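Letter 20 of the sequence shown, counting from 1, is numbered 20 in the UniProt record's numbering, and no numbers are missing.
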Amino acid sequence: LTPEEEEILNKKRSKKIQKKYDERKKNAKISSLLEEQFQQGKLLACIASRPGQCGRADGYVLEGKELEFYLRKIKARKGK
């Protein structure tokens with residue numbers, strides 16, 4: 001991480017907010033498929049914006065069963 005990113009992540013927080021962050025860290029789990037994508041530097045995402053929207057792209061990162069489905073499709077297509 002760059003120094004600017006480190007500063008943003010480690011900024012001073014109130015005790016109440018810090019307690020919330022610590023509680024969330026205990027339960028935070030990232031799927032292995034998602035971790036793999038982060039290590040590769042690529043994330044599969046679904047673009048959900050409507051056609052004709054200029055300069056805007058809404059969407060979400062694929063995870064769970066949806067991610068597994070598209071990974072199978074990609075692997076099958078590469079095999080052909």
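For every residue, glycine included, the Cβ atom is placed at its ideal position computed from N, Cα and C. In this text, all values refer to a predicted model and were calculated from it rather than measured experimentally.
- In the DSSP annotation of this structure, the continuous segment of the beta strand (DSSP E) that includes Gly59 starts and ends at Gly59 to Val61.
- In the DSSP annotation of this structure, the continuous segment of the alpha helix (DSSP H) that includes Ile17 starts and ends at Lys15 to Asn27.
- Ile8 sits in a helix when the DSSP states are folded into three classes.
- In the DSSP assignment, Cys46 forms a beta bridge with Tyr60.
- Residue Arg72 holds the alpha-carbon nearest to the alpha-carbon of Gly64 among Arg72, Ser49 and Gln53.
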